[in-house]
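Protein chains: 2
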Amino acid sequence: MSLAMTENEILLALIQSLKEGKKTKFQEIIDELQPYDMAQQYLNIPNKHRNKFLLYLSIEQLTDLMQQLVKDDQLEVLQKLGIEKSTKVLDLMENDDLASLLSELEPEKIEELLSEMKKEESEIVQNLMNYPPETAGRIMNNRYVWIPQHFTIREAVDKLKHFAELAEYLNYLYVIDEQKKLVGVVSYRDLLLADLQDKIEEIMYSRVVMADVYTDQEEVAKLITRYDFVSLPVVEEDHRLVGVITVDDIIDVVIQEANEDIEKLSASGKSIDFNTKPLVAAYRRLPWLILLLFIGLISGGIISSFEETLEAVVALAFFMPLIAGMTGNTGTQSLAVVVRGLVSEDLNIKQVVKLVFRELWVGIIIGITCGILISIIAFVWRGNFTLGLVVGSSLLITLIIGTLAGTIIPLILYKLKVDPAVASGPLITTINDILSLLIYFGIATAFIVRLM
Amino acid sequence: MSLAMTENEILLALIQSLKEGKKTKFQEIIDELQPYDMAQQYLNIPNKHRNKFLLYLSIEQLTDLMQQLVKDDQLEVLQKLGIEKSTKVLDLMENDDLASLLSELEPEKIEELLSEMKKEESEIVQNLMNYPPETAGRIMNNRYVWIPQHFTIREAVDKLKHFAELAEYLNYLYVIDEQKKLVGVVSYRDLLLADLQDKIEEIMYSRVVMADVYTDQEEVAKLITRYDFVSLPVVEEDHRLVGVITVDDIIDVVIQEANEDIEKLSASGKSIDFNTKPLVAAYRRLPWLILLLFIGLISGGIISSFEETLEAVVALAFFMPLIAGMTGNTGTQSLAVVVRGLVSEDLNIKQVVKLVFRELWVGIIIGITCGILISIIAFVWRGNFTLGLVVGSSLLITLIIGTLAGTIIPLILYKLKVDPAVASGPLITTINDILSLLIYFGIATAFIVRLM
Chain A
1 MSLAMTENEI
11 LLALIQSLKE
21 GKKTKFQEII
31 DELQPYDMAQ
41 QYLNIPNKHR
51 NKFLLYLSIE
61 QLTDLMQQLV
71 KDDQLEVLQK
81 LGIEKSTKVL
91 DLMENDDLAS
101 LLSELEPEKI
111 EELLSEMKKE
121 ESEIVQNLMN
131 YPPETAGRIM
141 NNRYVWIPQH
151 FTIREAVDKL
161 KHFAELAEYL
171 NYLYVIDEQK
181 KLVGVVSYRD
191 LLLADLQDKI
201 EEIMYSRVVM
211 ADVYTDQEEV
221 AKLITRYDFV
231 SLPVVEEDHR
241 LVGVITVDDI
251 IDVVIQEANE
261 DIEKLSASGK
271 SIDFNTKPLV
281 AAYRRLPWLI
291 LLLFIGLISG
301 GIISSFEETL
311 EAVVALAFFM
321 PLIAGMTGNT
331 GTQSLAVVVR
341 GLVSEDLNIK
351 QVVKLVFREL
361 WVGIIIGITC
371 GILISIIAFV
381 WRGNFTLGLV
391 VGSSLLITLI
401 IGTLAGTIIP
411 LILYKLKVDP
421 AVASGPLITT
431 INDILSLLIY
441 FGIATAFIVR
451 LM
Chain V
1 MSLAMTENEI
11 LLALIQSLKE
21 GKKTKFQEII
31 DELQPYDMAQ
41 QYLNIPNKHR
51 NKFLLYLSIE
61 QLTDLMQQLV
71 KDDQLEVLQK
81 LGIEKSTKVL
91 DLMENDDLAS
101 LLSELEPEKI
111 EELLSEMKKE
121 ESEIVQNLMN
131 YPPETAGRIM
141 NNRYVWIPQH
151 FTIREAVDKL
161 KHFAELAEYL
171 NYLYVIDEQK
181 KLVGVVSYRD
191 LLLADLQDKI
201 EEIMYSRVVM
211 ADVYTDQEEV
221 AKLITRYDFV
231 SLPVVEEDHR
241 LVGVITVDDI
251 IDVVIQEANE
261 DIEKLSASGK
271 SIDFNTKPLV
281 AAYRRLPWLI
291 LLLFIGLISG
301 GIISSFEETL
311 EAVVALAFFM
321 PLIAGMTGNT
331 GTQSLAVVVR
341 GLVSEDLNIK
351 QVVKLVFREL
361 WVGIIIGITC
371 GILISIIAFV
381 WRGNFTLGLV
391 VGSSLLITLI
401 IGTLAGTIIP
411 LILYKLKVDP
421 AVASGPLITT
431 INDILSLLIY
441 FGIATAFIVR
451 LM
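Chains A and V supply the protein sequences, listed in that same order. Numbered by full-length UniProt numbering, the letters in the first sequence go through residues 1 to 452 in order. Numbered by full-length UniProt numbering, the letters in the second sequence go through residues 1 to 452 in order.
Here it is as structure tokens:
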């Protein structure tokens, strides 16, 4: 295949080879493609050619293809392949990918597939699926090379050569003792630079950074990011080495966790992407909106309880959206700082206190600036000095409270380990709405005589 | 050092060895620490011991330390080291880290440091700093191994051994021709499995995925994530290999870009973390808040232009926060879907149309559901059928418009390549506020007679 061929030219060449039944030509093209690109081509090819596309691929290529597809497409491929070929592909798939695919299926279907697979493979996958979602145990894989500590460098290199095909990365060899406990790590670089007669235990690094099977995937991401590792060993409670987590899976975790933070901040509902169907997307977004509608009614109730004040000075309504909106905004700003800060920092009580005081100061500075500004504007606009004072002092107080609410509420929820989705941006906004209306109308009512 | 030692015990042991001037004991402890942990210990150690801490470290260890610190601490270390030792450390630092450190300094200081460095090193760094921020050229480093295509496997392995100390990862060797143009890539695994007499060009993979020096770092992150690479070669326009980008830098990019998206959605201001000083944080957040304050005044202006309607039916004010808030929320939800979708998908016109229609449908479904609900509630609460109808139909229309605004505005800004911070969540919220007030009071004024 020519290097200069574009995606579209490759697609046409593939379709032609499929139409003419030329398997060799088809293989020549596929051979030069990265798994991701092969999967893109499969998805772009018209449906009527897909069966033949799959037929022409080797089991290894089918495995590569599967690992690049999303769940729905994976299931379609399995269906087209039939049970016999499917199980061969599943045998070869990385265990973490496989566990994640199977976790979406009905129990009967899982059983059917697992029963046809090689016994040792299916047991490994079933073990993986026993760990809770989003833990190290769930995302680890078994494509690593381990060596006993008494090996020489020569023995280690031989074993490495033997398993090169199987291992995902060759950067580190993990060293274990007789009980399969993890006792050290040797980088491939160390192997290259050492004498062939040296013993592994002499050159290994024994203060190994590792994760427990139950470690949260977000913790694992923190470790890998900090230490710039390409993989991290995972151990059971008794320090037995049971898997590794590789950096490519961690990038997916980082993206997933960022998306969760954004769902949290925008209450946009779980996992809506460009391909979600309208009904599904609406269904996922509605619960939040309906909840917020009822909370919004509380605002209405508060205003209605100040009906007399409002009837007396209708001009108060003009500043309502501004005060509520600003309070909501400053709360969201604080919330974003807290939520993102938690991604890279571990919190101790000293830091929490420091953070809350920092945000208090920020609230005071912001409150004074905006309060003075709006006082002057309100006074100039409506020609009423008291109105300016009421609006300005309300904004001062609500901005301070809004900033603190946006900081403290998510910290409390984090401490209580409450589902963080509860601390969503719109919720903070709505709470701040209610607080700001109470303060604003409260102050206004106190000064009602001078306002009229 | 005992494996069981905790962070605190290590800290105490380090301080003791510094106090007693026992360099060997100090080195024994440091030797077993990962760079990240060494940096943490440096930061935890009382200031009066820091000079000695640095004195006891080798140039290589100082380099490791520097690469784990944030800018302010890096500058402190350079100051303590003095110019001679500093330049030795800078010589050894990874070029991308160095460029990022220097870009924060004043021009005179940069010149002073660069002039003392080895000529070839300082030239490389100066070249890096010529690329625009957030491009591949800026984050690439030169710690990779390249081989000419006519090499045999044996020659390649020899060269690799020679450069093992220098290269960051050994997973891939990049193959170049006589003009230093990138023509292929060989994985370390391929080397292990090939015969020593084979030629590199026979076993190399020639459809290399690469980035141009000017490729946006977000694009680079997409490539590495898609293909599960641990490094990606970077070429000049003429295909000359000039650097590689490694996966650990890409994780930082992914986190940085997610933070930027969140800043966008919450207008929380650039780079505020747990350690930002109150004045700085307030200064970074204020511009947005003041802008939003003035936009909020527009809402006030709109309400004041409907003063008569509001005076006639004060109850209209009760539903104001609810309608404005709900419209803001649905807009933020759509915005979040678009902003995050752009992280992993490239947009073509077909997808944009599909997305806009999807969100239109979502808006209609959400609008009808919430509209009917609030109509009933408003009717029951205030006993006024027309009021229910006005509030319900307003909410229906504003939710549809809000959803579309949250989708279309960021897409247009993306297309126009406008600084995406403009499409921030609070801005969308505020625009939706204004639209919703116009629609609500417009409809209410039309039905004013029946409302009274």
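Even glycine gets a Cβ: it sits at the ideal position worked out from N, Cα and C. These numbers were taken from a predicted model, which means no experiment stands behind them.
Which listed residue (the options) has its alpha carbon closest to that of residue i
| i | options | result |
| --- | --- | --- |
| Thr246 of chain V | V:Arg240, V:Asp261, V:Asn259 and V:Phe229 | V:Phe229 |
| Gln179 of chain V | V:Thr276, V:Arg240, V:Val145 and V:Ile377 | V:Arg240 |
| Gln149 of chain A | A:Ser206, A:Leu98, A:Glu94 and A:Ala221 | A:Ser206 |
| Val352 of chain V | V:Asn275, V:Gly388 and V:Ile412 | V:Ile412 |
| Gly363 of chain V | A:Ile365, A:Ile376, A:Leu286 and A:Glu9 | A:Leu286 |
| Tyr144 of chain V | V:Glu108, V:Leu396 and V:Val186 | V:Val186 |
| His162 of chain V | A:Gly442, A:Arg189, A:Ile376 and A:Gly184 | A:Arg189 |
| Glu60 of chain V | V:Lys52, V:Ile45, V:Ile124 and V:Lys88 | V:Lys88 |
| Val253 of chain A | A:Val175, A:Ile139, A:Phe306 and A:Gly383 | A:Ile139 |
| Val337 of chain V | A:Leu291, A:Leu387, A:Leu373 and A:Asp261 | A:Asp261 |
| Asp195 of chain A | A:Val234, A:Thr152, A:Leu182 and A:Arg226 | A:Thr152 |
| Lys354 of chain V | A:Ser305, A:Lys277 and A:Ile147 | A:Lys277 |
| Gly383 of chain V | V:Ile408, V:Phe357, V:Ile443 and V:Met452 | V:Met452 |
| Phe53 of chain V | V:Ile250, V:Pro35 and V:Ile30 | V:Ile30 |
| Glu94 of chain V | V:Lys109, V:Leu128 and V:Lys19 | V:Leu128 |
| Ala164 of chain A | V:Ile176, V:Val125 and V:Leu191 | V:Leu191 |
| Phe357 of chain A | V:Leu387, V:Ala211 and V:Asn275 | V:Asn275 |
| Ile434 of chain A | A:Gln333, A:Leu293 and A:Ile10 | A:Leu293 |
Classification of residue i by the beta-carbon crowding that lies within 10 angstroms, buried from 16 upward
| i | result |
| --- | --- |
| Ile400 of chain A | buried |
| Phe385 of chain A | exposed |
| Gln74 of chain V | buried |
| Asn141 of chain V | buried |
| Thr326 of chain A | Note that residue 326 of chain A is Met in the sequence shown, not Thr. Buried, by the Cβ-count rule. |
| residue 454 of chain A | Residue 454 of chain A lies beyond the residue range present for chain A, which begins at 1 and ends at 452; the question has no answer from this structure. |
| Val449 of chain A | exposed |
| Asn8 of chain V | exposed |
| Gly82 of chain V | exposed |
| Lys264 of chain V | buried |
| Ile349 of chain A | exposed |
| Val380 of chain V | exposed |
| Gly184 of chain V | buried |
| Leu113 of chain V | buried |
| Ser58 of chain A | exposed |
| Leu437 of chain V | buried |
| Asn259 of chain A | buried |
| Thr6 of chain A | exposed |
| Asn171 of chain A | buried |
Assumed close pair residue i, residue j - CB separation to whole angstroms, cut-off 8 angstroms
| i | j | result |
| --- | --- | --- |
| Cys370 of chain V | Leu297 of chain A | In fact, because the Cβ distance is near 12 angstroms, the residues do not count as touching under 8 angstroms. |
| Ile428 of chain V | Leu335 of chain V | 5 angstroms |
| Tyr169 of chain V | Ser100 of chain V | Their Cβ separation, rounded to whole angstroms, is 20 angstroms, which puts Tyr169 of chain V and Ser100 of chain V out of contact at 8 angstroms. |
| Phe319 of chain V | Ala405 of chain V | Between Ala405 of chain V and Phe319 of chain V the Cβ distance is about 20 angstroms, and since that is not below 8 angstroms, they are no contact. |
| Asp97 of chain V | Met117 of chain V | Rounded, the Cβ-Cβ distance is 14 angstroms, inconsistent with contact. |
| Gly328 of chain V | Thr403 of chain V | With 8 angstroms as the limit, Gly328 of chain V and Thr403 of chain V do not qualify as a contact, their Cβ atoms being about 11 angstroms apart. |
| Ile200 of chain V | Ala221 of chain V | Not really, about 29 angstroms apart at Cβ, beyond 8 angstroms. |
| Ile323 of chain A | Tyr440 of chain A | 5 angstroms |
Determine which residues of the segment 137-165 of chain A have a Cβ less than 8 angstroms from any Cβ of chain V, and write them out in chain order. Leu160, Lys161, Ala164 and Glu165
Pairing CB atoms from the segment 207-215 of chain V with CB atoms from the segment 152-166 of chain V, are three or more of them under 8 angstroms? No, they do not touch.
Decide yes or no for the touch test of the segment 59-75 of chain A against the segment 20-40 of chain A: beta carbon pairs closer than 8 angstroms, at least 3 of them. Yes: the two stretches touch, three or more of their Cβ pairs being nearer than 8 angstroms.
Members of the segment 187-204 of chain V near chain A, C-beta cut-off 8 angstroms: For the segment 187-204 of chain V, residues whose beta-carbon sits nearer than 8 angstroms to a beta-carbon of chain A comprise Tyr188, Arg189, Leu192 and Leu193.
Contact set between the segment 31-45 of chain A and chain V, restricted to residues whose Cβ is under 7 angstroms from the partner: Under the 7 angstroms Cβ criterion, the segment 31-45 of chain A contributes Glu32, Gln34 and Tyr36.
Chain A contacts from the segment 346-376 of chain V (Cβ-Cβ distance under 7 angstroms): Gln351, Leu355, Arg358, Trp361, Val362, Ile365, Ile366, Thr369, Cys370, Leu373 and Ile374
Which residues of the segment 262-286 of chain V have a Cβ closer than 8 angstroms to any Cβ of chain A? Give them in chain order. Ile262, Glu263, Leu265, Ser266, Ala267, Ser268, Gly269, Ile272, Asp273, Phe274, Thr276, Lys277, Pro278, Leu279, Ala281, Ala282, Arg285 and Leu286
Does the segment 297-312 of chain V come within contact of the segment 272-283 of chain A, defined as at least 3 CB pairs closer than 8 angstroms? No, because fewer than three Cβ pairs between the segment 297-312 of chain V and the segment 272-283 of chain A fall closer than 8 angstroms, the two stretches do not touch.
Along the segment 306-321 of chain A, what residues have a CB closer than 8 angstroms to any CB found in chain V? Glu307, Leu310, Glu311, Val314, Ala315, Ala317, Phe318, Phe319, Met320 and Pro321
Using Cβ-Cβ distances below 7 angstroms, what residues of the segment 223-248 of chain A are close to chain V? Thr225, Arg226, Tyr227, Asp228, Val230, Val247 and Asp248
Can you pull out the residues from the segment 426-449 of chain V whose beta carbon lies closer than 8 angstroms to at least one beta carbon of chain A? Pro426, Thr429, Thr430, Asp433 and Leu437
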